[in-house]
Amino acid sequence: MLLNTVSTKRWTLEPNSRLFRAGRTGGDRGRMPAIEISALRKTYDGRTVVHDLDLAIEAGECFALLGPNGAGKTTTVEILEGFRSRDGGHVAVLGHDPAKPDRRWRSRIGVVAQTTGAALDLGVAETIRHFAAYHGAPRPADELIEAVGLTEKAGTRVADLSGGQRRRLDVALGVQGRPELLFLDEPTTGLDPQGRRQLWELVTRLRAEGTTILLTTHYLDEAAKLSDRVGVIAHGRLLEVAPTAEFGGDLRAGATVRWRTGGLVHEVATRTPTALVRDLLAETPDGEIEDLEIRRPTLEDIYLELLATADGDTVRPAASDREPGPPPQSSSPSQSGLPAESELASESGLPRQPRTATRSWS
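Just so you know, we're using the numbering used here here: the sequence shown kicks off at 247 and counts up by one.
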């Protein structure tokens, strides 16, 4: 809609515009869901890789589907795209069964797969103009090339592009036909930081237009930045689906308070970090707590905790910034200023966090 203009400057929307708000909130929730899945099942050689999966993705939202390699997410996405058959369950994509695709339905979706087969002997601009003939109202080639950061490579043969540059071209071809629904399967794999940011900006613009987006990614910061909701799949089963800001539920309630006294670093997992800091301040004569840090669980922490639970693993500490070294040495409350063990008894159930930890500062 808004990408119909000649100038790419018009791609930018004001935050208070109606379309911008619709894209950020997932559009009109009264409409039929863009994707409906019920009891989806897929089996390979007697091994079930998708187990009775249920999911609905609303029109206009960006949904991030996360999971480790082999979790079943690519199989699920390929079924939704109409590229793979299913063995059971109900699936509707834009109100149509993807197992029975027709040309009109294909024109309403865009696909950025993990691998594509763009003509290697054509130049970038030639490739985009070639595939434009397959769409009724394609986006202008020059705008697409600029949007994905390939202006300086417009005349370069596809065969001579780097892996990251080819990925940018894949994205341009995926959005060329102004799809109502866009499948992005690990779109930023192989991109440098600048390329990732450019793609994020493009996805944000598409969301503002009301495009529904199903994103798979291994980059948790990408999911946190772009998605309205997140789902985690492991062993072919959905472990949790929730709005991105609420994902993890009780796992978000905890925090790790970390500070230093002399040559020791202390860590305490707690659901009441403010109260703990207040107690520490009361025990600090000069009122200054050295290297104080309060760390909340990130989306990555919660994701890894869910996967560990699904795998039956032992719960592990979540502090990703903990440098390697010998196991922490415990210290008494009088030595370290840590709350007594009895005071921490109510702190159980926090995600992958030690109840107390003290170690020598390296």
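Here a beta-carbon is modelled for each residue, glycine too, at the ideal position from N, C-alpha and C. Since the structure is predicted, the reported quantities are computational estimates derived from the model, not experimental observations.
Please confirm if the region 417-431 is in contact with the region 350-370, defined as three or more CB-CB distances below 8 Å between the two stretches. yes
Alpha helix (DSSP H) runs contained entirely in the region 284-315, provided each spans 4 or more residues: none
In its own chain, which residues sit with a C-beta less than 7 Å from the C-beta of Pro384, not counting the 5 before and 5 after it? For this step, residue 384 is matched to residue 138 along the sequence shown. Answer for Pro384: Ala378, Gln422 and Gly423, listed in chain order.
Examine the Cβ distances between the region 468-487 and the region 543-558 and report whether three or more of them are shorter than 8 Å. yes
Straight-line CA distance for Ile325 to Val296? Along the sequence shown, one-based indexing puts residue 325 at 79. Along the sequence shown, one-based indexing puts residue 296 at 50. So the alpha carbons of these two residues sit roughly 11 Å apart.
Among Ala418, Gly477, Gly436 and Pro439, whose alpha-carbon lies nearest the alpha-carbon of Val449? Against the sequence shown, residue 449 aligns to sequence position 203. For Val449, the nearest C-alpha among the options comes from Ala418.
CB contact flag (Cys308, Leu466, <8 Å): Along the sequence shown, read from residue 1 onward, the residue named residue 308 stands at position 62. Along the sequence shown, read from residue 1 onward, the residue named residue 466 stands at position 220. No.
Would you kindly work out how many angstroms separate the C-alpha atoms of Gly477 and Ala528, rounded to a whole number? Taking the sequence shown and counting its residues from 1, one reaches residue 477 at position 231. Taking the sequence shown and counting its residues from 1, one reaches residue 528 at position 282. One C-alpha to the other measures close to 43 Å.
Do three or more CB pairs link the region 398-406 to the region 332-347 at distances below 8 Å? no
Please go through the region 396-448 and give each complete beta strand (DSSP E) segment of 3 or more residues, from N-terminal end onward. 427-431
Under 8 Å between the Cβ atoms of Gly409 and Thr294? Your numbering for residue 409 matches position 163 in the sequence shown. Your numbering for residue 294 matches position 48 in the sequence shown. The answer is no: Cβ separation not under 8 Å.
Do the region 337-350 and the region 369-376 touch if we need at least three Cβ pairs shorter than 8 Å? no
Leu553: first and last residue of the uninterrupted alpha helix (DSSP H) it sits in: As a first step, residue 553 must be located in the sequence shown, where it is residue number 307. Element bounds for Leu553: Leu545 to Asp557.
3 or more residues per run - each beta strand (DSSP E) lying fully within the region 513-544: 536-541
Taking the alpha-carbon of Leu430 as reference, which of Asp416, Arg443 and Gly436 has the nearest alpha-carbon? For the purposes of this step, residue 430 is taken as the residue at position 184 of the sequence shown. Comparing Cα-Cα distances from Leu430 to each of Asp416, Arg443 and Gly436, the minimum goes to Asp416.
Taking contact to mean at least 3 C-beta pairs separated by less than 8 Å, is the region 520-537 in contact with the region 495-510? yes
Could you compute how far the alpha carbon of Thr435 sits from the alpha carbon of Arg413? Along the sequence shown, read from residue 1 onward, the residue named residue 435 stands at position 189. Along the sequence shown, read from residue 1 onward, the residue named residue 413 stands at position 167. Thr435 and Arg413: Cα-Cα distance of roughly 8 Å.
Assign Arg453 to buried or exposed, taking buried as 16 or more other Cβ atoms, counted over all protein chains shown, within 10 Å of its Cβ. By one-based count along the sequence shown, residue 453 stands at place 207. Counting Cβ neighbours within 10 Å, Arg453 comes out buried, since at least 16 surround it.
Quick one: complete alpha helix (DSSP H) runs, 4+ long, within the region 441-509? 466-472
Where the beta strand (DSSP E) through Ala338 begins and ends: Taking the first residue of the sequence shown as position 1, residue 338 is located at position 92. That run of the beta strand (DSSP E) goes Gly334 to Val339.
Residue range of the beta strand (DSSP E) that includes Val370: Along the sequence shown, one-based indexing puts residue 370 at 124. First-last for Val370: Val370 to Ala378, but that is the alpha helix (DSSP H), not the beta strand (DSSP E).
Ser473, buried or exposed, once every other Cβ within 10 Å from all chains shown has been counted against 16: Counting from 1 along the sequence shown, the entry for residue 473 is found at position 227. Classification for Ser473: buried.
Could you have a look at Val394 and say whether DSSP puts it in helix, strand or coil? Counting from one through the sequence shown, the residue named residue 394 turns up at place 148. Looking at Val394 - three-state DSSP - the assignment turns out to be coil, as it is neither helix nor strand.
In whole angstroms, give me the CA-to-CA distance for Asp300 and Ala393. As a first step, residue 300 must be located in the sequence shown, where it is residue number 54. As a first step, residue 393 must be located in the sequence shown, where it is residue number 147. Each residue's Cα considered, the two are about 35 Å apart.
Per DSSP, what are the beta-bridge partners of His342 in this structure? Within the sequence shown, numbered from 1, the residue matching residue 342 stands at position 96. The partner list for His342 (beta bridge, DSSP) reads Val339.
Gly356 - containing beta strand (DSSP E), residue span: Counted from its first residue, the sequence shown places residue 356 at position 110. Its beta strand (DSSP E) spans residues Ile355 to Val358.
Looking at Ala285: is its Cβ nearer than 8 Å to the Cβ of Thr463? Position 39 of the sequence shown, counting from 1, holds the residue named residue 285. Position 217 of the sequence shown, counting from 1, holds the residue named residue 463. The answer is no: Cβ separation not under 8 Å.
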